[in-house]
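See below for the structure under consideration.
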Amino acid sequence: MCHQTVSLAARHLEKNGIATVVMGCAKDIVEFVGVPRFLFSDFPLGNAAGRPQDVQSQAFTLELALHLLESAPAARTTVQSPLRWSKNPAWKLDYSNIERLSPEEIRRLREEFDRQKEIARNIRNQPAEDL
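Listed below in structure tokens is the structure:
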């Protein structure tokens with residue numbers, strides 16, 4: 201989900217008396233919008249709740265978020281998760297960087313993306329009773 205959209209929704213909820221914690225990976229966007237409580241994970245986009253298939257990192261991240269909800273000292277409080285995606289920060293250079301991919305890898309990724317779009321299109325076009 202879009203970091204800006206989530207942040208704006210959180211601000212609206214807060215304005216109406218519902219406490220929120222935004223968990224995200226796009227620090228610049230979330231802090232620009234100005235949410236009251238933000239748990240920043242320095243992970244690739246889409247992984248703000250912890251590492252995929254890693255229940256321990258997900259549970260730890262949830263605990264951090266709940267603690268932040270209880271203890272934020274002031275508005276616009278950002279807490280950075282101590283978890284790291286990788287010991288080597290080079291993943292930031294490679295993640296979603298098309299310039300670092302070979303033409304073959306780009307072609308493979310495009311084909312996979314097109315397959316996934318076709319699957320989604322087929323599901324979308326199925327009658328609701330068939331789902």
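The working numbering numbers the first residue of the sequence shown as 201 and each following residue consecutively.
Note that CB positions come from ideal geometry on N, CA and C, so glycine has one too.
{"Item": "Per-residue DSSP class, three states only, for Gln280", "Value": "strand"}
{"Item": "In DSSP terms, what Val222 is bridged to", "Value": "Phe238"}
{"Item": "Local conformation of Asp254 per DSSP, three classes", "Value": "coil"}
{"Item": "Status (buried if at least 16 other CB within 10 Å, exposed otherwise) for His203", "Value": "buried"}
{"Item": "Integer-rounded CB distance, given that Ala275 should sit under 8 Å from Val221", "Value": "In fact, because the Cβ distance is near 13 Å, the residues do not count as touching under 8 Å."}
{"Item": "Contact set for Cys332: own chain, Cβ-Cβ below 8 Å, skip 5 residues either direction", "Value": "A question about residue 332 goes unanswered here, because the residues of the chain that appear run from 201 up to 331."}
{"Item": "Own chain partners of Pro252 with C-beta closer than 8 Å, once the 5 adjacent residues on each side are dropped", "Value": "none"}
{"Item": "Close Cβ partners of Leu269 (< 7 Å) along its chain, the five nearest in sequence each way excluded", "Value": "Ala219, Val221 and Arg237"}
{"Item": "Integer Cβ distance of Ile306 from Ile298, believed to fall under 8 Å", "Value": "7 Å"}
{"Item": "8 Å CB neighbourhood of Thr277 in its chain, flanking five on each side removed", "Value": "Pro236, Arg237, Phe238 and Leu268"}
{"Item": "Chain-order list of residues whose beta-carbon lies under 7 Å from that of Gln316 (same chain, five-residue window excluded)", "Value": "none"}
{"Item": "Close Cβ partners of Val230 (< 7 Å) along its chain, the five nearest in sequence each way excluded", "Value": "His203, Ser207, Val222, Gly224 and Phe238"}
{"Item": "Euclidean distance between Cα positions of Arg308 and Ser286", "Value": "25 Å"}
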